[in-house]
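Colleague: Attaching a single structure in structure tokens format; questions to follow.
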Amino acid sequence: MSASLSLDVPAPGPVLARPRLTVTLLMAGSCLPILGAVLIAPVLPKLQDHFTSVSGVDALAPMALTVPALSLAVMAPFAGAIIDRLGRHRLLVIATVLYAIVGTAPLWLDSLPAIIASRALVGVAESAIMTCCTTLIGDYWSGKQREKYLALQAICSAVSATAFFALGGAAGSAGWRTPFWAYAVGLLLAPLLATVLRPATRRTDNAPATVALTPFAPLLRRLLAPCALTFFGAIVFYTIPVETSFLLKDLGTEAPATIGLCTAIASAATVAGAAAFTRLTDHAERLLPWTLALCAAGFGIIALAGNVPLLVLGAVVNCLGTGMLLPTLINRTVALLTPANRGRGTGLWNTAFFLGEFVCPLLLLAAAKPAGDLAGAVGVLGLVTLAVAAGLAVARSRRAETPRPVENAHA
């Protein structure tokens, strides 16, 4: 990872008038896409039952949860290009207001396709929010401080996921529509973002536009391998949040409050994993194969679980790994970026990550029949994850054994 960090030469950062409040707001903004991803997970079975007469509801109901990720994945590169040219703050505020409007739309919509369409618009707003927040972290801080705040971003996302699972489960007891009220928080957050997130000196909102944009093709080549790994990592990361309610249903547990509690327990392990990353940043790249192996072990326990406590144990083991996985993936990517391409690079990373989130339930649904059931499909994913971990370990070992050419020593 140290070699990657040497490539990152950020421009002088701004002097922030209220750094703690700035961090708080960036973390809060980063949690909004997480809310979109997990809040309605505990009520998916109820939503599916409500639209049971709709053709293809088995595939469409999970899409209500994951289609924002598809929109985010498609739009993130465009959001990155826009903020590299026009600045971060204005787009962030507008996107937060849009997020609140379209996020609450299912409260009065009574068509599953219309709900999915509104969820797609949520993803458009999320693409701008997530790209802006991560890019601003890269703008404001560098080196170890940046690693710290990117890890904190992962911790806050995991903490919020834990809270949102519990909130979604509790609110879902009053009906599957109730959790959608939580999206209105964007209307409270937008005015604070508009008034606080402004560098005090040495940089203006449009500062990145004064830097000549680097060509896109070299950037894409540089990020191709990290983004490919991020795509797979997102599938691993989102399997537990997206599928736990269905895995519990297969074991006879359907109460939204119970589903929310079980998923929140597993999500708390993600917090612990992300917190562990902050102490292991110097070894994160070396530990990446072991992190994936831990995720695979959790999948294996879930595949063999015949009761709820054992399933939750497997989810906890998996989430300990994913808690370390997410900050590792984002840090190794941001370290490759410069101020001139940070928005586009972050957008590409978000595309890879949230595209993985979108395809996650579709891949597991496709694998469930040949594997016997959903738990069997999770077991297959565990084997694939273990194979990827082994491949990364072998590749790293070979790189360590290969002498570095003298002519490239100063490249």
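UniProt numbering puts the first residue of the sequence shown at 1, with every later residue one more than the last. Even glycine gets a Cβ: it sits at the ideal position worked out from N, Cα and C. This one's a predicted model, so the numbers in the text were calculated from it and none came from an experiment.
Which same chain residues end up closer than 6 Å to L381 when comparing Cβ atoms and leaving out the 5 residues on each side of it in sequence?
Modeller: F299
Colleague: Between which residues of its own chain and A125 is the CB-CB distance below 6 Å, once the five residues before and five after are set aside?
Modeller: Contacts found: A95, L98, Y99.
Colleague: Only counting the same chain, and skipping five residues up and downstream in sequence, which positions put a Cβ closer than 7 Å to that of T322?
Modeller: V236, F237, T270, G273, C295
Colleague: Grab the span of the alpha helix (DSSP H) containing M83 for me, first residue to last.
Modeller: In the sequence under discussion, the amino acid at residue 83 is Ile, which differs from the Met named in the question. Residues 57–86.
Colleague: Please report how far the alpha carbon of M130 lies from the alpha carbon of I302, in whole angstroms.
Modeller: 31 Å
Colleague: Between V185 and P370, what straight-line distance do the alpha-carbon atoms span, to the nearest angstrom?
Modeller: Cα to Cα, the separation comes out at about 42 Å.
Colleague: Can you say whether R202 is buried or exposed, counting buried as having 16 or more other CB atoms within 10 angstroms of its CB?
Modeller: Annotation note: pLDDT 43 at R202 (below 50); position unreliable, coordinate value reported separately. Exposed: under 16 other Cβ atoms inside 10 Å.
Colleague: Is the beta carbon of residue 423 sitting closer than 7 Å to the one on F353?
Modeller: Summary: the structure shown does not reach residue 423, with the chain confined to residues 1 through 411, and so no result is reported for it.
Colleague: Would you kindly work out how many angstroms separate the C-alpha atoms of L313 and A266, rounded to a whole number?
Modeller: 8 Å
Colleague: So, helix, strand or coil for S397, using DSSP?
Modeller: helix
Colleague: Please state the DSSP three-state secondary structure of F51.
Modeller: coil
Colleague: Do the region 359–370 and the region 74–83 make contact, defined as three or more Cβ pairs closer than 8 Å?
Modeller: no
Colleague: Where Q48 and A217 are concerned, what is the direct C-alpha to C-alpha distance, given to the nearest angstrom?
Modeller: Computed Cα separation, rounded: 43 Å.
Colleague: Excluding five sequence neighbours on each side, which residues of the same chain lie with their C-beta closer than 7 Å to the C-beta of M63?
Modeller: I116
Colleague: Label L247 either buried or exposed according to how many other C-beta atoms from any shown protein chain fall within 10 Å of its C-beta, with 16 as the threshold for buried.
Modeller: buried
Colleague: Does DSSP put D139 in a helix, a strand or coil?
Modeller: In the structure shown, D139 adopts helical secondary structure according to DSSP, grouped into three states.
Colleague: In three-state DSSP terms, what is T104?
Modeller: coil
Colleague: From which residue to which residue does the alpha helix (DSSP H) around N350 run?
Modeller: 342–371
Colleague: Pull up the distance between the alpha-carbon of L288 and that of L229, whole angstroms please.
Modeller: 11 Å
Colleague: What ranges does the alpha helix (DSSP H) occupy inside the region 249–292, keeping only unbroken runs of at least 4 residues that lie completely in it?
Modeller: 256–279
Colleague: How about I155 and A275: do their beta carbons lie closer than 7 Å?
Modeller: yes
Colleague: Would a C-beta distance cut-off of 7 Å place G260 and P42 closer than the cut-off?
Modeller: yes
Colleague: In this structure, does DSSP put W176 in helix, strand or coil?
Modeller: coil
Colleague: Rounding to the nearest angstrom, what Cα-Cα distance links residue 473 and R119 in this structure?
Modeller: Not covered by the structure: residue 473. The range shown for the chain is 1 to 411.
Colleague: Assign T338 to one of three DSSP states: helix, strand, or coil.
Modeller: coil
Colleague: Mapping the DSSP letters down to three states, classify I40 as helix, strand or coil.
Modeller: coil
Colleague: Within the same chain, show all residues whose beta-carbon is closer than 6 Å to that of A234, passing over the 5 residues directly before and after it, in chain order.
Modeller: F353, G356, E357
Colleague: Does the distance from the CB of L39 to the CB of V196 come in under 7 Å?
Modeller: no
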